[in-house]
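Have a look at the structure below, then the notes.
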Amino acid sequence: GVWTTIDQQGAAFMTTVKPYLGEVGNWLLARSAQIGGGILELTLSIVFAFFFYRDGPRLAAFVLSLLERLIGDRAQYYLDLVAGTVQRVVNGVIGTAAAQALLALIGFLIAGIPGALVLGILTFLFSLIPMGPPLVWLPATAWLVWQGEYGMAIFLGIWGMFVISGVDNVLKPYLISRGGNLPLVIVLLGVFGGLLAFGFIGLFIGPTLLAVAYSLLTDWVGSERARNSR
Numbered sequence: 001g002v003w004t005t006i007d008q009q010g011a012a013f014m015t016t017v018k019p020y021l022g023e024v025g026n027w028l029l030a031r032s033a034q035i036g037g038g039i040l041e042l043t044l045s046i047v048f049a050f051f052f053y054r055d056g057p058r059l060a061a062f063v064l065s066l067l068e069r070l071i072g073d074r075a076q077y078y079l080d081l082v083a084g085t086v087q088r089v090v091n092g093v094i095g096t097a098a099a100q101a102l103l104a105l106i107g108f109l110i111a112g113i114p115g116a117l118v119l120g121i122l123t124f125l126f127s128l129i130p131m132g133p134p135l136v137w138l139p140a141t142a143w144l145v146w147q148g149e150y151g152m153a154i155f156l157g158i159w160g161m162f163v164i165s166g167v168d169n170v171l172k173p174y175l176i177s178r179g180g181n182l183p184l185v186i187v188l189l190g191v192f193g194g195l196l197a198f199g200f201i202g203l204f205i206g207p208t209l210l211a212v213a214y215s216l217l218t219d220w221v222g223s224e225r226a227r228n229s230r
């Protein structure tokens, strides 16, 4: 059958790539510090979210009064803009994690991985941190290699790299941009720029800063046009 042919070809392929598996292990080891940092940042974000939730109304009132002194009538608009952007980022992170978990579950079921549902739940949890999903699908792929299921190992490796991990780069910016008036390119710059500059917390900082900057520029251009039209 088709899978028998793929399995035979996979055996030859694995013989070729086995010398490079050590390099893959070194790559994973090098990324462990980054993943650990992501877990720490996620923990700090949860702690901050708790205090913001508890003291949110009082903090919002203080920020609103401060903004009213600085920018007047537009204060409430910018406060709502920041709150809405953060809410969309949260929805984007959770929605993308759910999509990655579902795609991972489908891949695990096709590949015949035992405990696919548990691994799908783990994928959801690990999707909340940068570089998280490979911590689930890479060991599953290695297990298939150890079992001699080379065809399924190749399938799961490709599925994990291009589907499970790849959907994050497309779906997350799209979900964050939904419901707002920001162009998708601004959201993309905010998401990836924030992640590169600040790590996981930058996922919130980047889009929020660019949303405020974009709105400030829009207001400035609008005021200039109104002034010139007089």
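Heads up, the final residue of the sequence shown is numbered 230 in full-length UniProt numbering, and it's a clean run with no missing numbers.
Note that beta-carbon positions come from the ideal geometry of N, C-alpha and C, so glycine has one too.
Apart from the five residues just before and just after residue i, which ones in its own chain have a Cβ nearer than 8 Å to its Cβ?
i	result
residue 175	88, 91, 92, 95 and 96
residue 117	105
residue 63	79
residue 184	173, 174 and 177
Determine the closest residue to residue i out of the options, with distance taken between C-alpha atoms.
i	options	result
residue 137	158, 177, 196 and 129	158
residue 169	43, 189, 215 and 156	189
residue 81	222, 205 and 115	205
residue 220	66, 65, 67 and 71	71
residue 181	156, 122, 207 and 199	207
residue 110	65, 125, 156 and 122	156
residue 200	144, 154 and 126	126
residue 151	171, 112, 121 and 43	112
So, for residue i: in the same chain, excluding its five sequence neighbours on each side, which residues have a beta-carbon less than 6 Å away from its beta-carbon?
i	result
residue 119	108 and 136
residue 160	137
residue 153	141, 144 and 145
Of all the CB atoms in chain B, is at least one closer than 7 Å to the CB of residue i?
i	result
residue 221	The chain labelled as chain B is not found in the depicted structure, where only one protein chain is given.
Whose C-beta lies closer than 7 Å to the C-beta of residue i among residues of the same chain, with five residues either side of it excluded?
i	result
residue 67	75, 78 and 79
residue 186	210 and 214
Quiz item: Is the segment 152-164 touching the segment 97-104, taking contact as three or more C-beta pairs under 8 Å?
Solution: A contact is defined here as three or more CB-CB pairs under 8 Å, and the segment 152-164 meets this definition with respect to the segment 97-104.
Quiz prompt | alpha helix (DSSP H) segments (min. 4 residues) lying fully within the segment 149-179 | solution = Fully enclosed alpha helix (DSSP H) runs of 4 or longer: 150-158 and 168-177.
Quiz item: Can you find at least 3 beta carbon pairs, one from the segment 124-136 and one from the segment 186-204, that sit closer than 8 Å?
Solution: Proximity of the segment 124-136 to the segment 186-204 meets the contact definition, three or more beta-carbon pairs being nearer than 8 Å.
Quiz item: How do the segment 210-221 and the segment 70-88 stand: do at least 3 beta-carbon pairs fall below 8 Å, yes or no?
Solution: The answer is yes - the segment 70-88 touches the segment 210-221, with three or more Cβ pairs under 8 Å.
Practice problem: Please list the segments of the alpha helix (DSSP H) lying wholly inside the segment 77-108, counting only runs of 4 or more residues, in order along the chain. | Solution: Those alpha helix (DSSP H) runs which fall completely within the segment 77-108 and span 4+ residues do not exist here.
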